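Trainee: Heads up, my numbering is the position in the sequence shown plus 173, with the first residue counted as 1.
Sending over a structure as structure tokens; questions will come in a sec.
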Amino acid sequence: SRGHSSGGADDDTASPRQPIGEIFRAHRAEILLRILLLVITVIPVIILAQHMAALLDDGLSRTNLPIELAGVLIAAIVFLPETITALRAGSAGEMQRVINLCHGALVSTVSFTIPAVLLIGLATGQTVVLAESAVNIALLAVTMLVTITNFLAPKLTAMHALPHLILFVVYVLMLFS
């Protein structure tokens with residue numbers, strides 16, 4: 174044994190990690206450009222989503238369906254590419270890829286989409302409600318607990334997805350109650 178291990182596959186060729194400050198200074202222009210491009214490309218999507226939400230609200234009210242279904246439909250459209258890719262990866266047995274896709278969708282939603290929606294609501298004077306009832310908050314808490322138990326499992330199987338499917342069915346039933 175050579176003492177301290179950096180955790181790499183080959184400790185002799187492992188490069189030292191640069192501090193984040195150095196990386197930011199070295200790539201500052203590129204990082205700022207990418208942030209600017211991200212904001213510029215997201216603005217039209219958010220504007221279109223607002224118009225789509227208004228159309229969905231109108232259509233759902235005319236068909237006597239719950240207005241909350243609009244959020245589910247928009248989320249389904251937004252996450253359709255990740256969903257299709259995750260289903261393909263899952264059917265091919267690529268569980269790590271499925272987990273990576275789900276984490277990517279979660280991170281993008283929590284770190285970008287929700288703050289963007291809140292800022293637009295603030296700018297337009299609209300009230301944004303993320304979890305309007307104690308039942309929805311409880312359902313979210315149970316979902317988080319099930320997710321934690323899945324992460325603690327040494328190996329995931331299709332049976333680990335069953336509680337999530339049941340929770341989703343409960344959520345859909347709550348929309349129509």
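Using N, Cα and C, we set each Cβ at its ideal position, and we do this for glycine too.
Here the structure is a predicted model, which means the values were calculated and not measured.
Quick check on L348: buried or exposed, where buried means 16 or more other Cβ atoms within 10 Å of its Cβ?
Mentor: Label assigned to L348: exposed.
Trainee: In chain order, which continuous runs of the alpha helix (DSSP H) of length 4 or greater are located wholly inside the segment 177-261?
Mentor: Listed in chain order, they are 193-199, 201-235 and 242-251.
Trainee: Please list the terminal residues of the continuous alpha helix (DSSP H) segment that includes M317.
Mentor: M317 -> alpha helix (DSSP H) spans A307 to L325.
Trainee: Decide yes or no for the touch test of the segment 336-348 against the segment 303-312: beta carbon pairs closer than 8 Å, at least 3 of them.
Mentor: Yes, since at least three Cβ pairs between the segment 336-348 and the segment 303-312 fall closer than 8 Å, the two stretches touch.
Trainee: Can you round the beta-carbon distance between L238 and T258 to whole angstroms, since I take them to be within the 8 Å contact cut?
Mentor: In fact, because the Cβ distance is near 29 Å, the residues do not count as touching under 8 Å.
Trainee: Distance check for A248 and L124, CA to CA, integer angstroms please.
Mentor: Absent from the model: residue 124. The displayed extent of the chain is 174 to 350, so no value can be given.
Trainee: Here's the rule I'm using: 16 or more other beta-carbon atoms within 10 Å means buried, otherwise exposed. How should A227 be labelled?
Mentor: Exposed, by the Cβ-count rule.
Trainee: Compute the Euclidean distance between the alpha carbons of P217 and L205, then round it to the nearest angstrom.
Mentor: Approximately 20 Å between the Cα atoms of the pair.
Trainee: Alpha helix (DSSP H) containing T282: first to last residue?
Mentor: Segment: none, T282 is in no alpha helix (DSSP H) and carries neither H nor E.
Trainee: What separation, rounded to the nearest whole angstrom, lies between the Cα atoms of R201 and L233?
Mentor: Distance between the alpha carbons of R201 and L233 is about 46 Å.
Trainee: To the nearest angstrom, how far is it from the Cα of M268 to the Cα of L260?
Mentor: If I take the Cα positions, the gap works out to 10 Å.
Trainee: Does the beta-carbon of L229 have 16 or more other beta-carbons within 10 angstroms, so that it is buried, or is it exposed?
Mentor: Result: buried.
Trainee: So, is V212 buried or exposed, given that buried needs 16 or more other C-beta atoms within 10 angstroms?
Mentor: By the neighbour-count rule (16 or more Cβ atoms within 10 Å), V212 is not buried but exposed.
Trainee: Which one of V215, I196 and R190 has the shortest CA to CA distance from T282?
Mentor: It is V215 whose Cα lies nearest to the Cα of T282.
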